[in-house]
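Worksheet: one structure, shown below.
There are 2 protein chains.
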Amino acid sequence: MNIGEIARRAGVSRSTVSYSLSGKRPVAPTTRKRIQDVIDELGYRPNATARALKEGRTRTIGLVIPPAGNRLNHMQLDFVASVVDAAARADLDVLLSPSGGDHDKSFERLISERRVDGVILMEIRVEDARVGRLQQARLPFVGIGHTAGDEEMCWIDVDYAGLIRHTVRHLADLGHRKVALVNRSPELVAAGYGPALRAAEGFAAATAERGVTGIDVPCGDDARSGQDLLAALLDAHPDLTALTTINEAALPGIQRALDDAGLVVPQDFSVTGVAATLWAEDFRPPLTAADVPALDMGDKAVALLVERIASPSTPPRHILLAPPVSLRSSTGAAPAHRAAPAEKAAATRS
Amino acid sequence: MNIGEIARRAGVSRSTVSYSLSGKRPVAPTTRKRIQDVIDELGYRPNATARALKEGRTRTIGLVIPPAGNRLNHMQLDFVASVVDAAARADLDVLLSPSGGDHDKSFERLISERRVDGVILMEIRVEDARVGRLQQARLPFVGIGHTAGDEEMCWIDVDYAGLIRHTVRHLADLGHRKVALVNRSPELVAAGYGPALRAAEGFAAATAERGVTGIDVPCGDDARSGQDLLAALLDAHPDLTALTTINEAALPGIQRALDDAGLVVPQDFSVTGVAATLWAEDFRPPLTAADVPALDMGDKAVALLVERIASPSTPPRHILLAPPVSLRSSTGAAPAHRAAPAEKAAATRS
DNA sequence: TCGGTTACGCGAATCGGTTCGACCGCGAAC
DNA sequence: GTTCGCGGTCGAACCGATTCGCGTAACCGA
Numbered sequence: 002m003n004i005g006e007i008a009r010r011a012g013v014s015r016s017t018v019s020y021s022l023s024g025k026r027p028v029a030p031t032t033r034k035r036i037q038d039v040i041d042e043l044g045y046r047p048n049a050t051a052r053a054l055k056e057g058r059t060r061t062i063g064l065v066i067p068p069a070g071n072r073l074n075h076m077q078l079d080f081v082a083s084v085v086d087a088a089a090r091a092d093l094d095v096l097l098s099p100s101g102g103d104h105d106k107s108f109e110r111l112i113s114e115r116r117v118d119g120v121i122l123m124e125i126r127v128e129d130a131r132v133g134r135l136q137q138a139r140l141p142f143v144g145i146g147h148t149a150g151d152e153e154m155c156w157i158d159v160d161y162a163g164l165i166r167h168t169v170r171h172l173a174d175l176g177h178r179k180v181a182l183v184n185r186s187p188e189l190v191a192a193g194y195g196p197a198l199r200a201a202e203g204f205a206a207a208t209a210e211r212g213v214t215g216i217d218v219p220c221g222d223d224a225r226s227g228q229d230l231l232a233a234l235l236d237a238h239p240d241l242t243a244l245t246t247i248n249e250a251a252l253p254g255i256q257r258a259l260d261d262a263g264l265v266v267p268q269d270f271s272v273t274g275v276a277a278t279l280w281a282e283d284f285r286p287p288l289t290a291a292d293v294p295a296l297d298m299g300d301k302a303v304a305l306l307v308e309r310i311a312s313p314s315t316p317p318r319h320i321l322l323a324p325p326v327s328l329r330s331s332t333g334a335a336p337a338h339r340a341a342p343a344e345k346a347a348a349t350r351s
Numbered sequence: 002m003n004i005g006e007i008a009r010r011a012g013v014s015r016s017t018v019s020y021s022l023s024g025k026r027p028v029a030p031t032t033r034k035r036i037q038d039v040i041d042e043l044g045y046r047p048n049a050t051a052r053a054l055k056e057g058r059t060r061t062i063g064l065v066i067p068p069a070g071n072r073l074n075h076m077q078l079d080f081v082a083s084v085v086d087a088a089a090r091a092d093l094d095v096l097l098s099p100s101g102g103d104h105d106k107s108f109e110r111l112i113s114e115r116r117v118d119g120v121i122l123m124e125i126r127v128e129d130a131r132v133g134r135l136q137q138a139r140l141p142f143v144g145i146g147h148t149a150g151d152e153e154m155c156w157i158d159v160d161y162a163g164l165i166r167h168t169v170r171h172l173a174d175l176g177h178r179k180v181a182l183v184n185r186s187p188e189l190v191a192a193g194y195g196p197a198l199r200a201a202e203g204f205a206a207a208t209a210e211r212g213v214t215g216i217d218v219p220c221g222d223d224a225r226s227g228q229d230l231l232a233a234l235l236d237a238h239p240d241l242t243a244l245t246t247i248n249e250a251a252l253p254g255i256q257r258a259l260d261d262a263g264l265v266v267p268q269d270f271s272v273t274g275v276a277a278t279l280w281a282e283d284f285r286p287p288l289t290a291a292d293v294p295a296l297d298m299g300d301k302a303v304a305l306l307v308e309r310i311a312s313p314s315t316p317p318r319h320i321l322l323a324p325p326v327s328l329r330s331s332t333g334a335a336p337a338h339r340a341a342p343a344e345k346a347a348a349t350r351s
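Sequence order for the protein chains is U and X.
Residue numbering for the first sequence follows our numbering, starting at 2 and increasing by one per position.
Residue numbering for the second sequence follows our numbering, starting at 2 and increasing by one per position.
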């Protein structure tokens, strides 16, 4: 069932059917009605492939996600969902491509076979070969995260440096003198993952500025790692009274380690950071944190990409988001003295 | 840069380039080398759209996920990841379509514009209009979950009835006399979501069989709902000593409600159910549960779909998975007497 | 009455591949 | 010495849409 079949049944030429559908040239009302009746009867919709070939665009965008091994965190998941949603509203389909390494089969297919009109690139690293590949292919794209040196591309990012700086100041104002940054996984930090690097930057700047002692440690992106890490940290630093983090997935583990040590938040220990709203609200007590507007970012990313596809030659735009810190109840004045973890733990175990 | 350009530069016809690439007809080694050199130099890859038009297949499959509003749980997320992965291995791309209602724009586009060669349909309901739509369009598809009446389709499902029955027997064997089933959200239950219905079936059968009292309650798919529900449940049923669940997302909330009530697992209360391995291991103590092999299911779904695309007329196959129950440490002998929640909670609050 | 719009519709070209039929030259077989 | 088969190549048709150029008829004002 194709446009020729419709034309035949309506007794007109194929071009007339096409014009009737697109409205790009006038078609007599009676003819149009006849055509529409046939279309309605057969439930015809023009073949997307043929249309794409002729028009030179696929009405599809690629969404490059971290590879399946690395589990997506809630922020990323919300982002994916909102991209798919926003794309649907713009009558675009979304092609998924898991890609981590530089030479990924599925990524390469997307680009060189021209399956998509544009790409949204998640989890950009500071040195990212995919950016060069996209530029070389002249394919419009929007990065989630930015690379320091490159102003030639469109991107949207969260101002991790600024937000972490903000949280550290907040803790310093509450009297904390020794503060930890629970960063993303060692692998991501080593790979030069932007948010991890910039969080560290902001952390270093703010601790120096306020004269507090800062401990910057990477942590696997899961509850277990968070628990082990914090237990070790509490053990090694009896005077540690607060932490800030960008590692959402470690939060449940952090909570457990604090419980195990018999520390009450925020009386004995303060916790803050940057996280998706859901995670922040799931913490107990609710986390004082900068809420990453992941849903909003998806909308913005699609809008930016659509704009870029329409006019690829305009100078690239950048959006740096700095959501406000929601004061919930996981931070408080520094305790005069934090009981040694061992003795507290013993007390609760009994 | 297209096949004509390659042909021109290599001094051959377009068909020769095509045959050289596909190997469907012999090409002289010298010619082949000349062509390959030009291709390597320009980095040519045949345009996917044009190829799809001629071949009549897009090498793309559609993955229909629950709409963005309903947050995906870990099981579903693992499943999506493994589908994308398995598809990539089979040189297929994955087009995402969020669809809940019956008349979804993006779903309809996928089907009627023939953007995909086949579809994987997640979260099937007992009455699901999308199934009929796919059959009518003669588009191969595999359902995740099955509809009772319809044996005409391919599906993969987890044997929720059997697994829940199994967990209830386990609890009964440990001496529990009153057991709750924490089911999925009221909306899903009302919509006739298969796993929810079948879990209830299995629960009813097993409680009857073992003569234990069963309480079957729906619960929102999030931590907060789990917490509220269980608190209410403990309050209303002082003799409730165990629960089983298929609602992963509620687990963290269940954990909190138990903590708040001062109940220790498994001494005071037993918890079990069906969950993704990650959630089961994240519970404290680790959850005795049937581990849903979501990653495996993705592989199997893609394999089944590929098979069905290749030969659409063979009778549909069904796969019912019944993963073994991993005995971890969240279930134990029923306590002689469970302290009233109020008095225990008061004790911990002090 | 005549030139000039405008409305309407058709045929053909085009997008970038794949594939069928045909052709040519050469060596083997009868 | 013709014929057959086969390796190697080319031209043309085709997939299903869009769109350009052109023809025709009706209608307008001068």
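Even glycine gets a Cβ: it sits at the ideal position worked out from N, Cα and C.
Keep in mind the model is a prediction, meaning the values are calculated, not measured.
Is it right to say SER314(X) is buried, meaning 16 or more other beta carbons lie within 10 angstroms of its own, or is it exposed?
-> By one-based count along the second sequence, residue 314(X) stands at place 313. So SER314(X) ends up on the exposed side.
Leaving out the 5 sequence neighbours to the left and right, which residues in its chain are closer than 8 angstroms to ARG178(U) when beta-carbon positions are compared?
-> Walking along the first sequence from the start, residue 178(U) turns up at place 177. Within the same chain, ARG178(U) has close Cβ partners VAL213, THR214, ASP240, THR242, ALA335.
Buried or exposed: which applies to GLN1(U), given that a residue is buried once 16 or more other Cβ atoms fall within 10 Å of its Cβ?
-> Only positions 2 to 351 of chain U appear in the structure, and residue 1(U) is not among them; the question remains open.
To the nearest angstrom, report how far apart ALA290(X) and ALA276(X) are at their CA atoms.
-> The sequence position of residue 290(X) within the second sequence is 289, counting from 1. The sequence position of residue 276(X) within the second sequence is 275, counting from 1. So the alpha carbons of these two residues sit roughly 7 angstroms apart.
Would you say THR148(X) faces chain U, with C-beta separation under 9 angstroms as the test?
-> Taking the second sequence and counting its residues from 1, the one referred to as residue 148(X) is at position 147. By this cut-off, THR148(X) is not an interface position.
Leaving out five residues before and five after MET2(U) in sequence, what residues of the same chain have Cβ atoms less than 8 angstroms from its Cβ?
-> The residue given as residue 2(U) occupies position 1 in the first sequence. Excluding residues within five positions, the ones whose Cβ falls inside 8 angstroms are LEU43, TYR45.
Would ALA343(X) be called buried (16 or more neighbouring beta carbons within 10 Å of its own) or exposed?
-> Translated into positions along the second sequence, residue 343(X) becomes position 342. Its pLDDT being 49, under 50, ALA343(X) is placed unreliably in this model, and the value from its coordinates should be taken loosely. Classification of ALA343(X): exposed, given that the 10 Å Cβ count is below 16.
Between GLU114(U) and chain X, is there a C-beta pair that is closer than 9 angstroms?
-> Within the first sequence, numbered from 1, the residue matching residue 114(U) stands at position 113. Cβ-Cβ to chain X under 9 angstroms: yes for GLU114(U).
In chain X, which residues lie less than 8 angstroms from GLY44(U) when you measure between Cβ atoms?
-> Your numbering for residue 44(U) matches position 43 in the first sequence. Within 8 angstroms Cβ-Cβ: SER113.
Go through its chain and collect everything with a Cβ distance to PRO219(U)'s Cβ below 7 angstroms, but skip five positions before and after it.
-> Taking the first sequence and counting its residues from 1, one reaches residue 219(U) at position 218. Within the same chain, PRO219(U) has close Cβ partners ASN184, ARG185, SER186, PRO187, VAL190.
Per DSSP, cross-strand counterpart(s) of PHE142(X) | Translated into positions along the second sequence, residue 142(X) becomes position 141. In the DSSP output, where bridge partners are listed per residue, PHE142(X) has VAL120(X).
Under 7 angstroms from the C-beta of ASN48(X): neighbouring residues of chain U | Here residue 48(X) refers to the residue found at position 47 when the second sequence is read from its first residue. By Cβ distance, chain U contributes GLU114, ARG115.
Could you tell me the distance, in whole angstroms, from the CA atom of ARG33(U) to the CA atom of VAL127(X)?
-> By one-based count along the first sequence, residue 33(U) stands at place 32. By one-based count along the second sequence, residue 127(X) stands at place 126. Rounded to whole angstroms, ARG33(U) to VAL127(X) spans 40 angstroms at the Cα level.
Answer yes or no: does any C-beta atom of chain U fall closer than 9 angstroms to that of PRO1(X)?
-> Past the edges of chain X, shown from 2 to 351, lies residue 1(X), and the structure says nothing about it.
Select from the segment 84 to 107 of chain U all residues with a C-beta closer than 7 angstroms to any C-beta belonging to chain X, and list them in chain order.
-> VAL85, ASP86, ALA89, ASP94, VAL95, LEU96, LEU97, PRO99, LYS106, SER107
Would you kindly work out how many angstroms separate the C-alpha atoms of ASP151(X) and ARG199(X), rounded to a whole number?
-> Along the second sequence, read from residue 1 onward, the residue named residue 151(X) stands at position 150. Along the second sequence, read from residue 1 onward, the residue named residue 199(X) stands at position 198. Rounded to the nearest angstrom, the two C-alpha atoms are 16 angstroms apart.
Exposure label - GLN256(U); buried when at least 16 CB within 10 Å = As a first step, residue 256(U) is located in the first sequence; it is residue number 255 there, counting from the start. It is buried - the Cβ of GLN256(U) has at least 16 other Cβ atoms within 10 Å.
Hey, would you say ALA207(U) sits closer than 9 angstroms to HIS167(U), going by beta carbons?
-> As a position in the first sequence, residue 207(U) is number 206, starting the count at 1. As a position in the first sequence, residue 167(U) is number 166, starting the count at 1. Yes, Cβ-Cβ distance for ALA207(U) and HIS167(U) is below 9 angstroms.
By how many angstroms is the C-alpha of SER21(U) removed from the C-alpha of ARG139(U)?
-> Along the first sequence, read from residue 1 onward, the residue named residue 139(U) stands at position 138. Along the first sequence, read from residue 1 onward, the residue named residue 21(U) stands at position 20. Rounded to whole angstroms, ARG139(U) to SER21(U) spans 34 angstroms at the Cα level.
Measure the C-alpha to C-alpha separation of ARG110(U) and ILE216(X) and round it to an integer number of angstroms.
-> Residue numbering aside, residue 110(U) sits at position 109 when the first sequence is read from its first letter. Residue numbering aside, residue 216(X) sits at position 215 when the second sequence is read from its first letter. Answer to the nearest angstrom: the Cα atoms are 52 angstroms apart.
Hey, does SER73(X) have any beta-carbon neighbour from chain U nearer than 9 angstroms?
-> In the second sequence, residue 73(X) corresponds to position 72, counting from 1. First, the amino acid is wrong: residue 73(X) is Leu here, not Ser. It does: the Cβ of LEU73(X) has a partner Cβ on chain U nearer than 9 angstroms.
If you drop the 5 nearest sequence neighbours on each side, which residues of the same chain put their C-beta closer than 7 angstroms to that of SER351(X)?
-> Along the second sequence, one-based indexing puts residue 351(X) at 350. At SER351(X), the pLDDT of 40 sits below 50, so the modelled position is not reliable; the number obtained from the coordinates is stated separately. For SER351(X), where only same-chain residues beyond five positions count, there are no Cβ hits under 7 angstroms.
Would you mind reading off the limits of the beta strand (DSSP E) that contains ASP94(X)?
-> As a first step, residue 94(X) is located in the second sequence; it is residue number 93 there, counting from the start. Looking at the DSSP string, the run of the beta strand (DSSP E) that includes ASP94(X) is 94 to 99.
Option in GLY203(U), SER113(U), VAL132(U) with minimal Cα separation from ILE121(U) = Stepping through the first sequence from its first residue, residue 121(U) is reached at position 120. The shortest Cα separation from ILE121(U) among GLY203(U), SER113(U), VAL132(U) belongs to VAL132(U).
Run the CB neighbour count on GLN136(U), radius 10 Å, all protein chains shown included, and call it buried at 16 or more, exposed below.
-> Sequence index remark: in the first sequence, residue 136(U) carries index 135 (1-based). Flag for GLN136(U) reads exposed.
Identified DSSP bridge partners for ALA290(U) | Within the first sequence, residue 290(U) is the residue found at index 289, counting from 1. Answer is GLY274(U), SER327(U), bridged to ALA290(U).
Anything in the segment 4 to 32 of chain X with a Cβ closer than 7 angstroms to a Cβ of chain U? List those residues in chain order, please.
-> none
With DSSP run on the structure shown, which of helix, strand or coil describes GLY163(U)?
-> For the purposes of this step, residue 163(U) is taken as the residue at position 162 of the first sequence. Correct three-state label for GLY163(U): helix.
Buried/exposed call for HIS338(X), threshold 16 Cβ in 10 Å = Looking up residue 338(X) in the second sequence gives position 337. HIS338(X) should be labelled exposed.
Using a C-beta cutoff of 9 angstroms, does GLU282(X) count as contacting chain U?
-> In the second sequence, the residue the question calls residue 282(X) occupies position 281. Yes - at least one Cβ of chain U is within 9 angstroms of the one on GLU282(X).
Flag this pair as touching only if the segment 53 to 62 of chain X and the segment 83 to 98 of chain X have three or more C-beta atom pairs under 8 angstroms; answer yes or no.
-> yes
Does any C-beta atom of chain X lie closer than 9 angstroms to the C-beta of ALA251(U)?
-> Locating residue 251(U) in the first sequence gives position 250, where the first residue counts as 1. For ALA251(U), the answer is no, since every Cβ of chain X falls outside 9 angstroms of its Cβ.
contact_flag[the segment 321 to 331 of chain U, the segment 283 to 303 of chain U] where n(CB pairs < 8 angstroms) is 3 or more | yes
Status (buried if at least 16 other CB within 10 Å, exposed otherwise) for GLY12(U) | Indexing the first sequence from 1 puts residue 12(U) at position 11. Label assigned to GLY12(U): exposed.
Is it right to say GLY24(X) is buried, meaning 16 or more other beta carbons lie within 10 angstroms of its own, or is it exposed?
-> For the purposes of this step, residue 24(X) is taken as the residue at position 23 of the second sequence. Exposed, because fewer than 16 other Cβ atoms sit within 10 Å of the Cβ of GLY24(X).
Please report how far the alpha carbon of VAL293(U) lies from the alpha carbon of ILE320(U), in whole angstroms.
-> Mapped onto the first sequence, residue 293(U) falls at position 292. Mapped onto the first sequence, residue 320(U) falls at position 319. Rounded to the nearest angstrom, the two C-alpha atoms are 14 angstroms apart.
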